[in-house]
Structure formats: structure tokens, C-alpha cells
Amino acid sequence: MVTPKNTKNLKRPVSTIKTGPVKGLRNILANPHEFLWPVMRDDEGKLKNILTESLPNKTAQLREISWAQLRKMSKDERANLKKENKLKKKDAGDKMTENMCLGVNAVTRSLEKDSLISVLIDSNVEPLIMIKHVVAMCQRKNIPVILIPFLKTTTFQKLGFAAAALGLRVKSID
């Protein structure tokens, strides 16, 4: 009689061999209806030009002064220059956040507070569930929503990061 090579498994009775837990049904969150939202096509590029003009150019921020130039100044002059640069950067950022909010979370929070007059959303967002609630909230509150395919690329070029949603605040009209 030939002895098997793997005697470890043969010594155990079949009833004591451990098996993994039985996998039950997996819940899948799905919607049986297909979403068909109209996407604005900008063949002439008018909307894209307006958007690029209205967004501030954050990629070309104020440059820091080199140490070679700062070394020639006194300590008080350097401190004053540093304060001035901070104030200039803060003013540029405040003007933008005063008029618009960027990102899905910020737009959602502003919609809850009723502080938006219109919303721009990128139509190429995957998964679609990320922006579905924003469109539903805008429809409920009668706020115009525009889905455009170039919002992420435009915000990335102008601001240095891509934003899937952009909301225009009520204060910008005043």
C-alpha cells in the first residue's frame, strides 16, 4: 500500500476540516431608471471663454521674493513685506469665495442654506451617484443647473485643481 504524500490532511476527520463562512446575498444599490440629463454643448466656445475669464488665475499667484533681495532689507522691512503679501493673497481668495463655491460638498452645503442662484456641474463625473443628489436638490429648489463637459479641465487650468461642481452665490448679483 502506498502512503499519500500529504498525510496531514488525511489524519483529520472530514467533520473537523474548517471551511469559510457561507457568503449570503450581496446587496447591490442600483437604480432601474437611466438618467438622461441634457448636457450643454459649447461648439463655439462662448461659455468656456466666459468661465475662464470669470475664474481667478490661481496658478499665477504672487511669487515670493528671493532671499537674495530680502537679505538686503532690514528685519522690519522684511516683516512688513511678508504681511503685505499675505494680505494680497487673502484678498484674492476672499473675492473668489465670496462669489462662488467649488466642489460637490461645498455646493451641497450652500444649497442646503439656499445661498446659490445657479450651479454648474461637470457631466463627465464617474460614478454618477456623486452628482445625482446635487441635481435633485437643485430641481427641488428651482435653481438652474447646467451640465457642461469641460468644467473640470477649465478649473484645473485656472485654479490648479479640478472641481466637479461650481455654484454661484446670491451675493455675486448685488
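Using the UniProt record's numbering, read the sequence shown as starting at 1 and increasing by one per residue. The beta carbon of each residue, even a glycine, is placed where N, CA and C say it ideally should be. Quick caveat, the model's predicted, so the values are computed rather than measured.
Candidates Ser-115, Lys-23 and Phe-150: closest to Cys-101 by CA position: Selection Ser-115, Lys-23 and Phe-150 evaluated against Cys-101 yields Ser-115 as nearest (Cα-Cα).
Beta-bridge partners of Met-100, as assigned by DSSP: In the DSSP secondary-structure assignment, Met-100 is bridged to Leu-168.
Cβ distance (whole Å) where Ile-121 is taken to contact Ile-131 below 8 angstroms: Yes, they are in contact, since the Cβ atoms of Ile-121 and Ile-131 sit about 5 angstroms apart, within 8 angstroms.
Glu-84 versus Gln-157 - alpha carbon distance: It is roughly 27 angstroms from the alpha-carbon of Glu-84 to the alpha-carbon of Gln-157.
Cutoff 6 angstroms; reference Val-135; Cβ partners in own chain excluding five residues on either side: If we look at Val-135 and ignore the five residues flanking it on each side, its Cβ neighbours are Val-145.
Euclidean distance between Cα positions of Leu-51 and Ala-79: Cα to Cα, Leu-51 sits roughly 37 angstroms from Ala-79.
Test item: CB-CB of Ser-123 and Leu-147 under 7 angstroms: If you check the CB distance, Ser-123 and Leu-147 come in under 7 angstroms.
Leu-47 versus Lys-72, Thr-154, Val-170 and Ala-162, residue with shortest Cα-Cα distance: Of all alpha-carbon atoms in Lys-72, Thr-154, Val-170 and Ala-162, the one lying nearest the alpha-carbon of Leu-47 is that of Thr-154.
Residue interval of the alpha helix (DSSP H) (run including Ile-50): In this chain, the alpha helix (DSSP H) harbouring Ile-50 covers 46-54.
Residue span of the beta strand (DSSP E) that contains Leu-29, given as start and end: Per DSSP, Leu-29 belongs to no beta strand (DSSP E) and is neither H nor E.
Bounding residues of the beta strand (DSSP E) (the contiguous stretch that carries Ile-65): Per DSSP, Ile-65 belongs to no beta strand (DSSP E) and is neither H nor E.
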